[in-house]
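In my numbering, the protein residues as written are 6 to 78.
Below is one structure, written out as structure tokens; comments come after it.
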């Protein structure tokens, strides 16, 4: 399905696993550039590499807890 999302940027919280990871993969499949965040750097790095390799889109990752003001800045 083409949702006309090519080169749009999607920011996904909780993107290292579960539903967040699934959403990131689905949007990457549509050609979105992806920015994911979660608390575990190791999982984020692995997911970013996986999505980039499979869908050839830009993937940025940011580790932190968005409930903490200092992590959200």
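For every residue, glycine included, the Cβ atom is placed at its ideal position computed from N, Cα and C.
The model shown is predicted, which means the values in this text are computed figures rather than measured ones.
Compute the Euclidean distance between the alpha carbons of residue i and residue j, then round it to the nearest angstrom.
| i | j | result |
| --- | --- | --- |
| residue 33 | residue 52 | 12 Å |
| residue 19 | residue 9 | 24 Å |
| residue 4 | residue 71 | Because the chain here runs from 6 to 78, residue 4 falls outside it and cannot be looked at. |
| residue 38 | residue 6 | 17 Å |
| residue 74 | residue 43 | 14 Å |
| residue 36 | residue 21 | 19 Å |
| residue 17 | residue 59 | 18 Å |
| residue 50 | residue 68 | 9 Å |
| residue 46 | residue 13 | 24 Å |
| residue 29 | residue 48 | 14 Å |
On the DSSP bridge list, what partners appear for residue i?
| i | result |
| --- | --- |
| residue 18 | 42 |
With a threshold of 16 other CB atoms inside 10 Å of the CB of residue i, please say whether the residue is buried or exposed.
| i | result |
| --- | --- |
| residue 62 | buried |
| residue 65 | exposed |
| residue 54 | exposed |
| residue 41 | buried |
| residue 56 | buried |
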